[in-house]
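J.:
In this note's numbering, the protein residues as written are 5 to 562.
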């Protein structure tokens, strides 16, 4: 077949020696010079073959040629086979996931991840036959027959004397299995991919919508824009006065502690005690692996730090690393506590997961077991327990007013504002949402843009309105859900009580200690011989005046 005018290579040797500058083969016939050059090259080839045959027999030459051909075929299979495998990489990963349900089932969201992988394997010329883990974690399922698949809550014990909340069983995996299931890649963040934070050197407190020097003074328009979720967002999220959280921002932390916090790149467990309000509770049932790999941080103010003097060394009490916080931005201790509670992703910029527990709680389960049960197994990025009794924001607001948790006018103002934005009482029509009121003393989350956005927005509501975060929770959650398919895993309150135990505040403990101890009377002496015991005197029955006695008296009178 001739390639002539089409510029396609023909099968003749004469058309393979040269090409035109544009890659098209010349049309002219070969010249005499080229013919001489070809015949000279043919002579050299024949001389080489004769020279090989001179030193080796024909059979050995045949074996040599066969080896050369085999090597060429092997090279062709390696290089071209890799391309085909990389093109079908996602199918291979799906098959692995189906055969082994315990592995992390992850899929690439963007196909260019596989394309860049094929190029990198070619360029490095490494004999790697399998692609690295894809981009996002999308959950897993436990294998059929696993006890946790059929686990159900038993009925509550019939104890009429105890009617309040209580813990219930939770099906945890062993620590080793939970650690093995820890995702190697982050979860998918819907819509938002890049979240940055506002820094303001000159704060303008004259706005129509409140705020603070720590959280800034965003306008109502800025607040509404922050709920218009986009791929890249720049927003208020505390620490507005400094470029680095904890350094000249309010809630200031020593540089040595900030450096240690930056080194925490896995799991962090955090808590806080301000105003010496609580007693530090040491976690229990923590594995040695968690003690070595999990960062335990307790934030304290100067009053609490003075109360702890002499009780710790090397900045540690048990597993807790004590971090002194100076220049607290709020006079309300509860509002100061919302900073580490909701903004851990800013204090620990390299951490992947965090578990927040209030200072009055004692952790009694391993952090990896908690993360596996409430995040990874549920394919969730933020989990919080719902209130054991109240599900409606309006009911919660009235309960806060009745308990004097905050001034009534501020609570009413916040609720009315949310009502104008569309807040309605909770009902079954909101299913699968199970509650609008969280029990916010524990927050389990992964640090990805969408969950970071949620806690930033939640903190902004706390900074702008009351410090009662249960009131603002559902508004933030529902506004994000309206723009994305993201939501919060709200688990049972009795499950939360399974891994944390609530203790008394320090003032309550002081009151209990001041009470007079109950009087305990000694038991009667034990008599070895029953015969030595004196029988109690027989009690005579009191005579009651009857009709006969009255008749006798009346007769005498007569």
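Think of the CB as a built atom: it goes at the ideal place given N, C-alpha and C, for glycine as much as any other residue. Since we're looking at a predicted model, the values are computed, not measured.
(1) Given residue 320, which residues of its chain have a CB within under 7 Å of its CB, disregarding the five upstream and five downstream residues?
(2) Could you spell out the range, first to last residue, of the beta strand (DSSP E) harbouring residue 325?
(3) Mark residue 342 as exposed unless 16 or more other C-beta atoms lie within 10 angstroms of its C-beta, in which case mark it buried.
(4) Is DSSP giving residue 309 helix, strand or coil here?
(5) Can you tell me where the alpha helix (DSSP H) holding residue 445 begins and where it ends?
(6) Under DSSP, the alpha helix (DSSP H) around residue 498 begins and ends at which residues?
(7) With the cut-off set at 8 Å, would you say residue 250 and residue 262 are in Cβ contact?
(8) Between the C-alpha atoms of residue 323 and residue 295, what's the straight-line distance to the nearest angstrom?
(9) Exposed or buried, residue 563, counting other C-beta atoms within 10 Å across all chains shown (16 or more means buried)?
(10) Suppose you measure from the CA of residue 365 to the CA of residue 389; what does that come to, to the nearest Å?
(11) In the DSSP assignment, what residue or residues form a beta bridge with residue 610?
(12) Which whole-angstrom value describes the C-beta separation of residue 367 and residue 255, a residue pair presumed to lie in contact below a C-beta threshold of 8 Å?
(13) With distances taken from CA atoms, which of 466, 395, 209 and 377 is nearest residue 336?
(14) Report buried or exposed for residue 370, applying the criterion of at least 16 other Cβ atoms within 10 angstroms of its Cβ.
(15) State buried or exposed for residue 222, treating a residue as buried only when at least 16 other CB atoms are found within 10 Å of its CB.
(16) Let me know the alpha helix (DSSP H) ranges lying completely inside the segment 253-317, each 4 residues or longer, listed in chain order.
(17) Determine the contact status of residue 141 and residue 179, defining contact as a CB-CB distance below 8 Å.
(18) Between the Cα of residue 477 and the Cα atoms of 72, 346 and 152, which residue gives the shortest distance?
(19) Here's a check: name, in chain order, each residue in its chain whose Cβ is nearer than 7 Å to the Cβ of residue 242, leaving out the five neighbours to either side.
(20) CA-CA distance, residue 2 and residue 168?
(21) Thinking C-alpha only, which one of 159, 156, 146 and 205 is nearest residue 177?
(22) How about residue 448 and residue 387: do their beta carbons lie closer than 8 Å?
(23) Per DSSP, residue 506 forms a beta bridge with which residues?
(24) For residue 507 versus residue 285, is the C-beta spacing smaller than 8 Å?
(25) If you follow the beta strand (DSSP E) that residue 415 is in, where does it begin and where does it stop?
(26) Applying the 10 Å Cβ sphere with the 16-neighbour rule, what's the burial state of residue 252?
(27) Can you give me the Cβ contacts of residue 207 inside the same chain, cut-off strictly under 8 Å, excluding the 5 residues immediately before and after it?
(28) Taking the straight line between their C-alpha atoms, what separation do you get for residue 458 and residue 316?
(29) Could you check if residue 407 is buried or exposed, using at least 16 other CB atoms within 10 Å of its CB as the buried criterion?
(30) Helix, strand or coil, according to DSSP, for residue 380 in the structure here?
(31) For residue 234, tell me which candidate among 150, 200 and 419 has the shortest Cα-Cα distance.
(32) When you compare the segment 497-516 with the segment 418-436, are there three or more beta-carbon pairs, one atom per stretch, that lie closer than 8 Å?
(33) Since residue 454 and residue 193 should fall inside the 8 Å C-beta cutoff, what is the C-beta to C-beta distance between them, to a whole number of angstroms?
(34) With DSSP as the reference, identify every bridge partner of residue 186, one or two as the case may be.
(35) Check this for me: beta carbons of residue 279 and residue 297, under 8 Å apart or not?
(36) Leaving aside the five residues before and after residue 266 along the sequence, list all residues of the same chain whose C-beta is less than 7 Å from its C-beta, in chain order.
T.: Reading off the structure:
(1) 326
(2) 324-330
(3) buried
(4) helix
(5) Careful: residue 445 lies outside any alpha helix (DSSP H), inside the beta strand (DSSP E) at 442-450.
(6) 497-503
(7) yes
(8) 7 Å
(9) Here the chain covers residues 5 to 562 and nothing more, so residue 563 does not appear.
(10) 14 Å
(11) Coverage of the chain is limited to positions 5 through 562, which leaves residue 610 absent and any answer about it impossible.
(12) Wrong, their Cβ atoms sit about 23 Å apart, outside the cutoff.
(13) 466
(14) buried
(15) buried
(16) 259-266, 292-297 and 306-311
(17) no
(18) 346
(19) 218, 219, 343, 347, 350 and 463
(20) Missing from the structure shown is residue 2; the chain here goes from 5 to 562 and no further.
(21) 146
(22) yes
(23) 365
(24) yes
(25) Looking at the DSSP string, residue 415 is not in any beta strand (DSSP E); the run it does join, the alpha helix (DSSP H), is 412-424.
(26) exposed
(27) 217, 220, 221, 244 and 245
(28) 36 Å
(29) exposed
(30) helix
(31) 200
(32) no
(33) 4 Å
(34) Answer is none; residue 186 lacks a bridge partner.
(35) no
(36) 353 and 354
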